[in-house]
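Residue numbers (the working numbering): 1 to 185.
And the structure:
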């Protein structure tokens with residue numbers, strides 16, 4: 001029987017805001033993460049427009065499960081121990097418009113792990129962070145307290161104590177004597 005991992009259901013709010021300044025000539029709008037909220041039954045199952053005016057629009061994307069894994073306890077610890085623990089959201093732009101007249105930003109994954117966010121950033125993905133509410137941080141901290149094991153730092157042996165080897169791994173010797181021969185003979 002599989003063990004159940006701690007998890008919560010969340011929804012993601014993405015917003016499109018009007019760009020100001022010189023860059024607005026090339027990009028009149030930009031997308032950004034607005035919030036991550038707890039999933040509610042009334043949200044439905046499809047993305048929906050929450051709000052729209054001349055300078056902003058907000059979309060609600062539902063049905064994201066955030067699971068906590070024992071082997072990622074250090075990643076959760078790194079998040080929980082910061083000044084403002086938060087949600088990490090990987091999102092991408094639609095290739096073609098599916099529910100709106102224009103393509104919209106769609107969240108792909110939500111996590112509470114620094115390591116997940118780091119891997120996504122290393123893969124050149126768009127990742128943004130928003131603060132997590134206190135009950136979620138308390139839930140995360142309880143998991144960290146139960147599963148995170150601090151690894152002791154081992155002292156590194158000074159380089160002067162290492163055995164000398166050549167580039168092929170064979171023992172090498174060092175001499176302080178002058179070589180005989182050559183030009184001066």
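Glycine included, each C-beta is placed from N, C-alpha and C at the ideal position. Remember, predicted model here, so these are calculated numbers, not experimental data.
Residue closest to residue i, alpha-carbon to alpha-carbon, out of the options
i	options	result
residue 198	81, 85, 35 and 74	Since the first residue of the chain shown is 1 and the last is 185, residue 198 is not available in this structure.
residue 150	74, 88 and 138	74
residue 137	111, 117 and 156	111
residue 69	144, 47, 103 and 43	144
residue 130	157, 93 and 82	82
residue 67	156, 45 and 5	5
residue 51	14, 169, 165 and 175	14
residue 54	29, 42, 71 and 45	29
residue 116	158, 7, 78 and 163	78
residue 48	20, 98 and 166	98
residue 7	142, 166 and 154	142
residue 72	102, 134, 146 and 126	146
Inter-residue Cα distance where the pair is residue i and residue j
i	j	result
residue 60	residue 11	7 angstroms
residue 109	residue 37	14 angstroms
residue 114	residue 177	55 angstroms
residue 80	residue 172	49 angstroms
residue 9	residue 19	32 angstroms
residue 224	residue 121	With the chain running from 1 to 185 in the structure shown, residue 224 is simply not present.
residue 24	residue 45	34 angstroms
residue 152	residue 159	21 angstroms
residue 104	residue 43	18 angstroms
residue 189	residue 57	The shown model of the chain, from 1 to 185, leaves out residue 189, and the question about it has no answer.
residue 156	residue 168	23 angstroms
residue 209	residue 21	An answer regarding residue 209 cannot be provided, because it is not within the stretch 1 to 185 covered by the chain.
residue 102	residue 126	19 angstroms
residue 95	residue 165	55 angstroms
residue 64	residue 93	17 angstroms
Distance CB(residue i)-CB(residue j) smaller than 7 angstroms
i	j	result
residue 33	residue 76	no
residue 26	residue 16	no
residue 107	residue 87	no
residue 89	residue 128	yes
Beta-carbon separation (whole angstroms), residue i vs residue j, contact threshold 8 angstroms
i	j	result
residue 85	residue 132	5 angstroms
Report the residue ranges of all alpha helix (DSSP H) runs contained in full by the region 92-142; include only those spanning at least 4 residues, in chain order. 114-122
Completely contained alpha helix (DSSP H) runs for the region 40-80, where each covers 4 or more residues: Whole alpha helix (DSSP H) segments, 4+ residues: 73-80.
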